[in-house]
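So the structure is just underneath, and the comments pick up after that.
Numbering (my numbering), first residue to last: 1 to 276.
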């Protein structure tokens, strides 16, 4: 299992591979595929719970899903998202981080924001909890951002993002997720901070990549610009269920080999005893 110091030490050595997961089966296949880090993201609100944003996701939701993921992937580094409004101040953040770490056996937590949350970051690290930052398009802020829009497109916003990234890095985060920002901005940040950068919609010149499980494997009905389906499982699932429906309708399923049988002698004895 990758540790937080080892993750940070990967910078400049090789890219790290991250994937989200939300249940035991997804975790099992992620571990078998030997990904470096599983992120139990609050994106489960959209991928698994049917919401149109991450905002309705609760701390109990995150803990519920992360415990499943840990059971499915006991040997893979697992990071768990702080959901919306669960880290507004240091006491609340520490209390909720304690629940996450103790109840899910996570290896660290991820939270969105820069300078405005640095006191929370410091407190978590002081308590020996590895922290992953998240800058750029931060889904918990979509209402103030006006939707899922690319960030850091002006000089002022680029400077602000770079300041936040440097501050997070200097304060000891294990990595920083950069989401939905131009590739040159992500590359510049990557070159100027010590913490590894993990891109999602941030181009290729970062220290690692993370994708949502459903986007990566073609389970999502639609894909964002930055995602590539490396399999087409949704199509395969639909085809499989259509094949199943057809087999049931024509009574070719279950076949004789898929059916339990009783010896003729026992069946005949039953009929005699039953009076047939």
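Heads up, the beta-carbon is just placed ideally off N, CA and C, and yes, glycines get one too.
Name the DSSP beta bridge partners of residue 81, please?
110
Cα-Cα separation, residue 140 to residue 53:
Note on geometry: alpha-carbon atoms of residue 140 and residue 53 lie some 8 angstroms from one another.
Can you tell me the Cβ-Cβ gap for residue 43 and residue 212, rounded? I've got them flagged as a contact below 8 angstroms.
6 angstroms
Within this structure, are the beta carbons of residue 82 and residue 96 separated by less than 9 angstroms?
yes
Can you check DSSP and say which residues form a bridge with residue 132?
110 and 175
What residues match up with residue 18 in a beta bridge as DSSP calls it?
Note: residue 18 sits in a beta bridge opposite 37 and 210.
Presumed contact (8 angstroms Cβ cut-off) between residue 130 and residue 108, rounded CB distance
3 angstroms
Measuring alpha carbon to alpha carbon, tell me which of 4, 134 and 185 ends up nearest residue 156.
185
Quick one: Cα of residue 150 to Cα of residue 180, how far?
Here the alpha carbons of residue 180 and residue 150 stand approximately 5 angstroms from one another.
Any idea if residue 36 is buried or exposed, counting beta-carbon neighbours within 10 angstroms, 16 or more meaning buried?
buried
At what residues does the beta strand (DSSP E) containing residue 198 begin and finish?
197-200
Specify whether the segment 22-33 and the segment 187-197 touch according to this definition: at least 3 beta carbon pairs, one from each stretch, less than 8 angstroms apart.
no
Can you find the residues in the same chain that come closer than 8 angstroms, C-beta to C-beta, to residue 235, ignoring five residues on each side of it along the sequence?
The beta carbon of residue 235 sits closer than 8 angstroms to the beta carbons of 218 from its chain, once the five residues preceding and following it are set aside; these are given in chain order.
At which residues does the alpha helix (DSSP H) containing residue 188 begin and terminate?
183-192
Leaving out five residues on either side along the sequence, give the residues of the same chain with a beta carbon under 6 angstroms from the beta carbon of residue 209.
199
Does DSSP put residue 167 in a helix, a strand or coil?
helix
Would you say the beta carbon of residue 229 is closer than 8 angstroms to some non-hydrogen atom of the ligand PLP?
Absence of the ligand PLP from the depicted structure is noted, as is the absence of any ligand whatsoever, leaving it without description.
Put residue 45 into one of helix, strand or coil per three-state DSSP.
Three-state DSSP puts residue 45 in a helix.
What are the start and end residues of the alpha helix (DSSP H) that includes residue 237?
233-249
Alpha helix (DSSP H) segment containing residue 64, residue limits:
Start and end: 59-72.
Touching or not, the segment 69-79 and the segment 242-262, by the rule of three or more beta carbon pairs under 8 angstroms?
no
Output the distance between the C-alpha atoms of residue 317 and residue 229, rounded to the nearest integer angstrom.
This structure cannot speak to residue 317, because the chain is shown only from 1 to 276.
Give the single residue among 75, 243, 201 and 112 whose Cα lies nearest to the Cα of residue 55.
112
Checking 9 angstroms against the spacing of the C-beta atoms, do residue 31 and residue 73 come in under that value?
Against a cut-off of 9 angstroms, the Cβ pair of residue 73 and residue 31 comes out as a contact.
Within the continuous alpha helix (DSSP H) that includes residue 102, where are the two ends?
90-104
Looking at residue 59 and residue 99, is the spacing between their C-beta atoms short of 9 angstroms?
yes
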